[in-house]
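Written below as C-alpha cells is the structure these notes are about.
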Amino acid sequence: MAQPKLKKRLGDLLVEDGIITEEQLMQALAEQRKNGRKLGATLQSLGFISEDDMLEFLSRQLGIPLIDINQLRIDSQVVALLPEVHARRLRALVVHDDGKSVTVAMSDPADLRALDTIMGLLSNRDVKLAVAPESQLIESFDRLYRRTKEIASFAEKLQEEHGEDKLELDIGLSGLDGDGSEATVVKLLQSLFEDAVQVGASDVHIEPEEKLLRIRQRVDGVLQESVLNEVSIVSALVLRLKLMAGMDISEKRLPQDGRFNMSIRGHSIDVRVSTMPVQFGESVVMRLLDQSAGILSLEETGMPAELLPRFRRQLQRPHGMILVTGPTGSGKTTTLYGALSELNEPGKKIITVEDPVEYRLPRINQVQVNSKIGLDFSNVLRTTLRQDPDILLVGEMRDHETVEIGLRGALTGHLVLSTLHTNDAITSALRLIDMGAPGYLVASSLRAIVAQRLIRKLCLNCKKPHDTETRERVWLENLSQQSLAEVQLYQGTGCQNCNYTGYKGRLGVFEMLELDEPMMEALRRDDPEAFSQAAKQSAHYRPLAFSALDYAIQGITSLDEVLRLVEQVDLWQDSE
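All residue numbers for the sequence shown refer to my numbering, where the first residue is 57 and numbers rise by one.
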C-alpha cells in the first residue's frame, strides 16, 4: 500500500486547523528539542491538545479510521503476525487479517520510520492502517501477547529432550548453578510466571491428570485454564519448584510448603508454593505476591467512606482485639497490612506472627511460624508478649490456646489484630466461644469485627444497562427495604478489555460490628441468640449484602455478583 503521508508538517497543520496556536507550537518545539520525544506526545504532555483530539486529527488528515481496540474481538494468532518486541517498540498492533491484507492499529501512523519497519515485517501482506489510543495499545500488548504457545513449545521440547524415565533425574541433577538458567524446564517456568504476571493472576495451579496436564490461573477470583498434553513433564516441573522453594525433593507422599522470590517484568514477585500428592502425581498451587506493588491503603481496599473513620477510631485504641474475618482469598491480610501501615510509627513497637509472612514492612518485627520445630502461633505469641509490644498482629486465630493468649494480651494493654475464618461479623464472636474462650474474656477483650469479601467490578468499557426481571427487583427491594424502581443496574457484556468476562478488577465489600454493652452482656451470659439479636439491632451495623448492593446501585458491580455474595454468606433465606 502507499504509505499515508501528511501534506505538511504536523505542527503546521495543527495551527492551520486552529487546534493549537503558533506560540504553543514554538513552545512545544523548544520542549521537544530538550526531551527528544515526538511532537504529538510533547503537545499532549504540555496540555495543548488532548489525546482524543490528536487521534481524530490524524484520522481525518490521513484518511484512516479511528478505532476502539476494546470493542474488537482480536485473534491472538493474528496479533502474533507482528512480533511482540516490534509491536511494543512501534506502538502497533495487528487487529485483523483476511488472508490477503492486515489492518494495523498505530498510536502515531504519521511516523514514517515505524511504517517502513512494519511494511518490512509484513511484506507478504497488504497493510491497511488505523489509528488507536496509545493507552489501549499498551494494555492490549499484555492481554494479547500471551505465553501460551511459548509454554506449549517448551513443554514439547522438554519431553523430547528427556525420555520419560530419566526426565525427573536429569532435571534434579542439573540446573542448580549458572548453566541451569538455560535449562528448558527453567525457561518453561519463566514463561509460565511471565504469562501469569501479564494477566494479573493471583494464583497458578499445576494439576496432573492421567493423560494431560492442566494449568490454571486465578484472575479476578476466577480460574482460567489451559491444557498441555505432555503430562510426563509434571515431575520435572514439581521437582524444579521444590528446589527453588527449599522443599524436600525426596518427599512425594506428604504435602509441603515453601516459598521463593523472583523478578518478572520488573516486578519483585514472592511465590508461595504448596504441593499435595494426588492420584497422578503432585498438584502444585502457587500464590503470587507482587512485592513491588506496595501495600494498599485502607481507601484503596474499597472500604466505604462511612466505615473508614469508625475503623480508624478502633485502631487508635491503646488495647483490645480487632478481628478481620472472611474465607481464604477475601482480602483479610490486605486490610490488616493497610491498618499496620497507618499504625507504623517510631513511637510504637509492632510485632506480627504470620504463616507465612506475605509482605515485608520496615520497623515491624515479623515472625514466620514454623510448626515443624515447635514455633507455632501459641508459642511465638507467649514470647512476643515479653518483647514489650504495643501492637500485635496474629496471622490467624487457629486454636483455643492462640485465642486465649490473644484475648488476654488484648486485656492487658496491647492492641491485637487478627483474622478468623467465619462467614460474617456476628458469627465471629460466637466462634471464639466455640473455640473454648470464656464468654467473659471475649466480652472484655473484643472491640470490633470487620467481615469482608471481594467482588468483581464491571468492565467500564463494556458495561451496559441491565433490565431486571420482576422477581429480581422484588428480591432486591426485600433485601434493601427500599423502592428501587428508579435505580438502573448494569451488566458487563464482555469485550477485549476484560477478556470477554464482563469484569475487570475487584474491590472489597465490608461490614463492621462494634461491640456495645448489650452485646457484651450477652457474651458474658454465653447467650448466642441474644448476642445475634443485639448485633442486628446495632445502629451502625449493615450486613455485607447491603454493601454489595450499594455498589450495584452505583453501577460498580452487577446484580449477579450481589447474588453470589448473598449465597456465600448464607443470607438467601433471610432475604426471601
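Even for Gly, the Cβ is constructed at its ideal location relative to N, Cα and C.
Range of the contiguous beta strand (DSSP E) that encloses residue i
i      : result
Lys205 : Taken as a continuous stretch (DSSP letters only), Lys205 belongs to no beta strand (DSSP E), being part of the alpha helix (DSSP H) at Thr204 to Glu217.
Phe316 : Gln312 to Ile320
Ala161 : Ser157 to Met162
Arg343 : Gly337 to Asp346
Asn555 : Here Asn555 belongs to no beta strand (DSSP E), and DSSP marks it neither H nor E.
His261 : Asp259 to Pro264
Lys298 : From DSSP, Lys298 is part of no beta strand (DSSP E) but of the alpha helix (DSSP H) over Val290 to Ala301.
His152 : Ala148 to Asp153
Ser132 : No beta strand (DSSP E) contains Ser132, which is instead part of the alpha helix (DSSP H) from Ser132 to Val135.
Residue environment, residue i, which counts as buried when at least 16 other CB atoms sit within 10 Å
i      : result
Glu263 : buried
Gln629 : Note that Gln629 scores 38 on pLDDT, short of 50, meaning its location in the model is unreliable; the coordinates nonetheless yield the value given after this. Exposed.
Lys560 : buried
Asn126 : buried
Ile482 : buried
Lys428 : exposed
Pro402 : exposed
Tyr415 : buried
Met110 : buried
Val622 : buried
Ala349 : exposed
Ala578 : buried
Arg181 : buried
Arg274 : buried
Asp73  : exposed
Asp251 : buried
Gln547 : buried
Tyr607 : buried
Asp68  : exposed
Met82  : exposed
Nearest-angstrom Cβ-Cβ length linking residue i and residue j, presumed shorter than 8 angstroms
i      : j      : result
Thr159 : Ala186 : 6 angstroms
Val380 : Glu338 : Contact doesn't hold; Cβ gap of about 32 angstroms is too wide.
Ala84  : Leu102 : 6 angstroms
Arg147 : Glu190 : 6 angstroms
Leu615 : Thr524 : 7 angstroms
Span of the alpha helix (DSSP H), counted from its first residue to its last, around residue i
i      : result
Leu91  : A quick correction: the sequence has Asn, not Leu, at residue 91. Taken as a continuous stretch (DSSP letters only), the alpha helix (DSSP H) holding Asn91 covers Glu78 to Asn91.
Asp616 : Leu615 to Gln624
Ala601 : Leu600 to Ile609
Phe197 : Glu190 to Leu200
Tyr597 : First-last for Tyr597: undefined, no H or E at that position.
Gln254 : Thr240 to Gln254
Leu396 : Lys388 to Leu399
Arg438 : Phe433 to Thr440
Ala507 : Unbroken run through Ala507 is the beta strand (DSSP E), Leu502 to Leu514; no alpha helix (DSSP H).
Gln370 : Leu364 to Leu371
Three-state secondary structure assigned by DSSP to residue i
i      : result
Thr587 : One point to set straight first is that residue 587 is Phe, not Thr, in the sequence displayed. The answer is helix: DSSP assigns Phe587 an H, G or I state.
Ser353 : coil
Pro574 : helix
Gln100 : helix
Ala186 : strand
Thr483 : helix
Lys519 : strand
Tyr546 : strand
Leu284 : strand
Thr526 : helix
Asp68  : helix
Asn421 : strand
Val141 : helix
Leu118 : helix
Arg309 : coil
Arg454 : coil
Ile429 : helix
Gly561 : strand
Residue i CB to nearest heavy atom of the ligand ZN below 6 angstroms
i      : result
Met359 : Judged by which ligands are present, the structure shown has none, so any question about the ligand ZN falls away.
C-beta neighbour in chain B for residue i, strict 7 angstroms
i      : result
Ala608 : Among the chains in the structure shown there is no chain B, since it carries only a single protein chain.
Own chain partners of residue i with C-beta closer than 7 angstroms, once the 5 adjacent residues on each side are dropped
i      : result
Asn400 : Ile406, Leu417, Arg419 and Ile420
Glu238 : Because the pLDDT at Glu238 is just 45, under 50, the model does not fix this residue reliably, and the point stays unresolved.
Leu284 : Ala208, Ala211, Leu268, Leu269 and Ile271
Arg144 : Phe197
Pro445 : Lys405, Ile406, Ile407 and His470
Close beta carbons around residue i, own chain, < 8 angstroms, minus the five adjacent residues each side
i      : result
Leu510 : Gly277, Gly385, Ser386, Gly387, Arg562, Leu563, Gly564 and Val565
Arg580 : Gly495, Tyr496 and Ala499
Tyr393 : Ile351, Leu352, Glu414, Tyr415 and Leu417
Ala604 : Arg509, Ile511, Val565, Thr613, Glu617, Val618, Leu621 and Val622
Ser247 : Arg203, Glu206, Ile207 and Phe210
Contact set for residue i: own chain, Cβ-Cβ below 6 angstroms, skip 5 residues either direction
i      : result
Leu279 : Arg272
Tyr201 : Glu140
Lys243 : Phe210
Glu452 : Thr475
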